[in-house]
Amino acid sequence: MEEPDTRDDLNNQDVVVPSQEPKKRKTRKKKPKTKTDNKEKSPKQQGFEEEVSDKPLAEQNEPKENTSAVKKKKNRKRKNEKTAAERHVAAGSETDGTVKSQSIEVFDYKELEKELGGPEELANIPAIHFSPEKKLKNVVISKSRSATVSEEPKVKSRYKGKPTATPGKGRYSAVPPPQSLTVERKGKSKRSENQEKPVEKEEIEQTKKQTTEKQSKKSTKRDTEDEFKISAPSVRLPSKKDKKHTASEKGVFNNTPLVFVKASDQTSKAENKPTVLDESTKLKVLSNGITKSKSTDMNKNSKKEQRTIEYCHPSDIIYSHSRARFDRYLDPKVCQKKMDEKDSKVYTGVLRINKRSHNDAYVTTDKLEADIFILGLYNRNRALEGDIVFVELIELEAVWDKKKESMARKRKEQNKDEVEVDDEKLKPKYAGKVIAISESRKERMFSGTISISKQAVYATNTSNGGTVEEEDSEAANGNRDVEIEDTETDLTEQDSQSNDSAENKKNKKKGIHKVWFKPIDKRAPLIGIPVKQAPLDIFENEKKYAKLIVVVKVQKWAINSVNPTGAFVRELGHIGNIATETEAVLSDNNISESPFSNKALKGLPPTPWSIKQLEIDKRRDLRETRIFTIDPATAKDLDDAVHVTKLAENEFEVGVHIADVSHFVKQHTALDHEAFDRGTSTYLCDRVIPMLPSLLCEELCSLNPGVDRLAFSVIWKMDREGNVKDTWFGKTVIRSCTKLAYDDAQSVIEGQGLPKNVTIKDHKVSEVEQDIIYLLEMSKSMRKRRFANGALSINSIKLSFKLNELGEPCEISVYEQKDSNRLIEEFMLRANMSVAEKINEHYPNEALLRQHSPPHEKSLDEFIKIAENLGYKFDGSTAGSLQESFNAIESEDAKEVLRLLAVKPMQRAKYFCAGSCEEQKFRHYALNVPFYTHFTSPIRRFPDIIVHRQLEAALSGKKTCGYQKDSVQKAANHCNERKEGAKNSQDSNIQLYLYHYLYNLEKELGRHVICTAIVTQVLKDSFDILVPEYGIEKRIYMDSIPITKHVYDGNKNNQSVYWKENVDSSWEWDQKRRNDKSGVEIIDKHIYLKGAVDIPKELLVENALDKENRMQRFNTFSKLNVRIQVNVERSPPLVNVYPINPFM
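In UniProt numbering, the protein residues as written are 1 to 1144.
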């Protein structure tokens, strides 16, 4: 007998069919099948009608001898079934029929192939369909006209809900298709090698068992490979089905995602392809801090393998199949180890983003003499302004080539002539990329406006007097083609599931899954807000939110998203309101105005409070000494006082007395923690946000006149020139006799005496006046000596405002530093220097000091070159030589402009721990002293409190100061961040009040606000100006004013502009030019003169104005009239400055 062509099913099970001799057929009376019967059967019985018989199917279907009518009926039924099956095969119809009986007519393989037109793959024959697996039966076929039913284990399809083409499970018969028609889902086809012998039932069961074990191994191996596939630098979490499977079979919690990462120190494009970890890699699955072991049962004797996972930042987890757009973050601990290696290319520092060109960022580090340049969004790697990052140096030339291409493309898009740029002048010294974030900025909250679409957000850039903020896509994306698109890949699975409200479902039908937040701070990126975390009425009141300032917190910036994801926090108010704009400024700088907690307030002493005699006995009693304060007239927190006593003809006792805040704020208390968190007081135009509760800063610690107060004093013995002969440190009890304002002391200095409204207790007015004169004479000598030793003084313009009853600015003045200010400044500086020397001597590894780094070398060189072009020689080798160069300038206007330009290269001073860097970096550049700290303002600065504690420990002879080196450095970093935020808030608040003052002034006057400005710098297509009256600095671009042409003379560094006739410059004209270029005449000529190029005759006119040609020439330091226009309907308010057309 010819052997059958057997095949394997989806289980890769070897099925063999014995050769059988025909036997006498016996019939068995079968119970008719019904749907009810099928439903009542057990799962094991439901796929089979009866027990498998050893007899051939032909004998089973043999009718009884006394039932000829039944036999004829069955023959007709069998014939009809055969005819119907052939009809369906030929026509290719689709039905859901199932095998109703085991005694069925079957096709011969050759006949079936012939009907189908020859061997074909099943996938190519649409007429052949197979029913779902749960309805199928596994049949073993012999090539006779009968079939034998064999029970086999059921197999679940990997593809849920899809019919599976399984051999032997056809819709129209129980015949498996021939080999050429078989579609194998997986695995290789295995033929039976033992088809000669009949197979006993026990052997079949054993074969099934072995096959099940093989399948289990294959399934385990496949799951292992799938789970350990990674995509460097990112990682994809398992799907929900995988999570459930893992949780049930491997003991992992359902809500804990498994993360499998292959860590690498460097990433490349090739690493973006999925990678399978080899067997030698030992990984350990970490989930929510719980270490778990993973074992695989490849065989019974195999050992359990523990696999260890390396670091994965939460933002590097991908919840979908989208591609990674950034490099994966490295472990900060690994970065720290790399920093400690010799010739390391890894550095750490604070990230600063350029306000004018937010594709450019810089990282300042103490270990390099210049900043590290970070080009574009990709190299910045999701870091935000103020983050402490780890940076790895990369090839400078490649980065700089991209930057030059970006600049050239930008000029081309702006329709500007090609100008030869001095690359070496602008080229940075180092370039790098962010590889990890050591510490994120606190809270990561921003203020701004919300829009439903991205297009609406970008449209606001040019509305309300704004300018187009151009995104340099190639520079931002680095080596990758990152598209700015609205993707949903940064939403987690939980986010997409939990949004079940009717309104949100309606919005999802519209295709809106997130809204967009545009921060006021241009250094912050556009933030996507999932709909469920946006304001509830954003879709009903879109126009309302266009004029409403809100606060949004950045939650994460996923590795596969161009924009970070945020959540709505609160509303602040409407654009244009001073209070709202102030709140926005504070929010952007993480300044909290919330009240102190109850725990912190419980640490305050009960009131009324008085100094106990036991405390007085521990201190030096100076209550009878003539001590007084000199502060701003509006000051409430008086934290410093002075005294001077003449001991001999050329000997004086001079004391500086500082409020003893550390007596009230004990270390490691709730009040201490809250004060540390605030870091500093923030001074605004209308109020102060204090670092300490008002009970301390305005009463118990404030050195108010006429009351006993605790102080920490530094007392010197000096000669008339202010030279220190001896120094004493200690805690004291004082009683101030009067509170003087700077103007009061200045009145004495100018010979007019103290004003009559000044009250002095227990001492004579003349004695206080004489003390002021003594202190003035010593301070002048001290100041002269300090500058002779190489100190530098560069002060920017400061404004002060007078507010009306509504809190709006009604008067403005420029803050002028007088002799009374300098008097107090000198003695405060001397006290800080003395304390710094003392604590550094006792605690050289833990002392909290303050250092000022030298200016940026490249920026300083640019400033010196500008000064030389103007005819002024500058020596920038030291702070002292720079100060001498300023002193040599006679013109006050020139000196004022150059001082303003000299501020830009300067770095800000910072706190640091003495043990964290080398001693040569301790030096304070501007003061030109080796040691400096802050001791004199503990009411408003937390570093001063730490210094007080260290000084007290040193005076007590303690071996330790109560702080470890690491904790001091962390405190220094935190205080630097807090001071930076407070300084930015104060500057922004002053600008806010200034712009509202100018806006109200124009409304009140009913005419334009016109002021005198000074040109500070001339460039090829623009020039910078300063309005000294208000301290406004602006850059005027040539295409923003109505001129016919402009000529730049590179030899003389001046700009000649040719005005249009009877057209004045204004914001309205500038907007018309931007919005309707066809209606405005474009500048028709640009001339750039260099070296040996002849100067046109029309430029040889000596006067700055040429009325005949309507020409005006701008040189550095030349003066001009400008018009100031302010728009308060945008946030922050925008001020525009335009030169007045002198030929109107």
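We put the CB at the ideal spot given by N, CA and C, even for glycine.
No experiment lies behind these values; they were computed from the predicted model shown.
If you follow the alpha helix (DSSP H) that Asp615 is in, where does it begin and where does it stop?
Note on identity: in this sequence residue 615 is Glu, with Asp being the wrong assignment. Counting along the chain, Glu615 sits inside the alpha helix (DSSP H) bounded by residues Gln613 to Asp617.
How is the beta strand (DSSP E) around Val1122 delimited, first residue to last?
Per DSSP, Val1122 belongs to the beta strand (DSSP E) from Lys1119 to Asn1127.
Do you know how far the Cα of Ile318 is from the Cα of Arg185?
Confidence is the limiting factor: at Arg185 the pLDDT is only 44, short of 50, which leaves the residue's position unreliable and the question unanswerable from this model.
Are the beta-carbon atoms of Leu848 and Val1009 separated by less than 7 Å?
Contact annotation: Leu848 and Val1009 have beta-carbon atoms that are not nearer than 7 Å.
Could you check where the alpha helix (DSSP H) with Arg328 kicks off and where it finishes?
That residue, Arg328, is in no alpha helix (DSSP H); it is neither H nor E in DSSP.
For Glu805, report the span of its alpha helix (DSSP H) as first-last.
In the DSSP assignment, Glu805 falls outside any alpha helix (DSSP H) and carries neither an H nor an E.
Separation of Asp537 from Ser845, as counted between CA atoms
Looking at the sequence shown, residue 845 is not Ser but Asn. Spanning the alpha carbons of Asn845 and Asp537 requires a straight line of approximately 56 Å.
Strictly by DSSP, which residues pair up with Gly655?
Bridge partners of Gly655: His643 and Ile715.
Three Cβ pairs or more, each shorter than 8 Å: is that satisfied between the stretch 882-902 and the stretch 862-871?
Because the criterion of three Cβ pairs below 8 Å is met, the stretch 882-902 and the stretch 862-871 touch.
Give me the Cβ distance between Glu811 and Phe801, rounded to the nearest whole Å; I'm assuming they're in contact under 8 Å.
Going by Cβ atoms, the distance from Glu811 to Phe801 rounds to 7 Å, so yes, they are a contact pair.
Per-residue burial, Ile1124 [other beta carbons within 10 Å of its own, 16 or more giving buried]
It counts as buried.
Using C-beta distances below 7 Å, list every residue in its chain close to Lys599, excluding the 5 sequence neighbours before and after it, in chain order.
Same-chain partners within the cutoff: Ala670.
Are Thr629 and Leu622 touching if we call contact CB-CB under 7 Å?
Result no, Cβ atoms of Thr629 and Leu622 do not sit closer than 7 Å.
When the Cα atoms are used, what is the spatial distance from Val748 to Lys666?
Just so you know, the alpha carbons of Val748 and Lys666 end up roughly 40 Å apart.
Identify the residues that DSSP records as bridge partners of Thr364: which are they?
Looking at the DSSP assignment, Thr364 forms a beta bridge with Val350.
Any idea which residues DSSP pairs His574 with across the strands?
Paired residue(s): Leu548.
Have a look at Met1144 and Tyr1037 and give me their C-alpha separation to the nearest angstrom.
One C-alpha to the other measures close to 20 Å.
Is the CB-CB distance between Thr936 and Ile658 below 7 Å?
Yes; because the gap between Cβ atoms is below 7 Å, this pair is in contact.
Any 3 or more C-beta pairs closer than 8 Å across the stretch 712-720 and the stretch 682-697
Inter-segment contact for the stretch 712-720 and the stretch 682-697 is absent: fewer than three beta-carbon pairs are separated by less than 8 Å.
Does the Cβ of Gly528 have 16 or more other Cβ atoms within 10 Å, making it buried, or fewer, making it exposed?
With 16 or more Cβ atoms within 10 Å of its Cβ, Gly528 is classed as buried.
Report the CB separation of Lys636 from Ser736 in whole angstroms; it is logged as a contact under 8 Å.
Actually they do not touch by this definition, with Cβ atoms about 14 Å apart.
Could you tell me whether the stretch 374-388 touches the stretch 316-333, using the rule of 3 or more Cβ pairs below 8 Å?
Yes, since at least three Cβ pairs between the stretch 374-388 and the stretch 316-333 fall closer than 8 Å, the two stretches touch.
Please confirm whether Thr645 and Glu651 have their CB atoms less than 7 Å apart.
Contact: no.
Please go through the same chain and pick out, in chain order, the residues whose beta-carbon is closer than 6 Å to the beta-carbon of Glu385, but skip the five residues on each side of it.
Excluding sequence neighbours, Glu385 sits near Ile353 and Arg523.
Grouping DSSP H, G and I as helix and E and B as strand, with all else coil, what is Glu977?
Glu977 carries a helical assignment under DSSP once its states are collapsed to helix, strand and coil.
When Asn1136, Asn840, Ser610 and Trp516 are compared against Ile452, the one with the closest alpha-carbon:
The candidate whose alpha carbon is nearest that of Ile452 is Trp516.
Rounded separation between Arg441 and Arg570 - CA only
Between the alpha carbons of Arg441 and Arg570 lies a distance of about 20 Å.
By how many angstroms is the C-alpha of Gly807 removed from the C-alpha of Ser779?
Cα to Cα, Ser779 sits roughly 38 Å from Gly807.
So, Ile549 versus Ser713, is the Cβ gap smaller than 7 Å?
No, they are not a contact pair.
Give the range of the alpha helix (DSSP H) segment to which Ala534 is assigned.
Taken as a continuous stretch (DSSP letters only), Ala534 belongs to no alpha helix (DSSP H), as it is neither H nor E.
From Val389, Gln746, Phe1114 and Tyr1058, residue whose alpha carbon lies closest to that of residue 1157
Here the chain has residues from 1 to 1144 only, and residue 1157 is not among them.
Whole angstroms is fine: what's the gap from Arg830's alpha carbon to Lys970's?
Between Arg830 and Lys970, the C-alpha separation is close to 27 Å.
Sub-7 Å separation of Leu710 and Asp762 beta-carbons:
In this structure, Asp762 does not lie closer than 7 Å to Leu710 by Cβ.
So what's Trp516 in DSSP terms, helix, strand or just coil?
Note: Trp516 maps to strand in three-state DSSP.
Do you know how far the Cα of Glu624 is from the Cα of Glu918?
Between Glu918 and Glu624, the alpha-carbon positions lie close to 45 Å from each other.
On the three-state DSSP scale, how would you describe Pro314?
Of the three classes helix, strand and coil, the one that applies to Pro314 here is helix, per DSSP.
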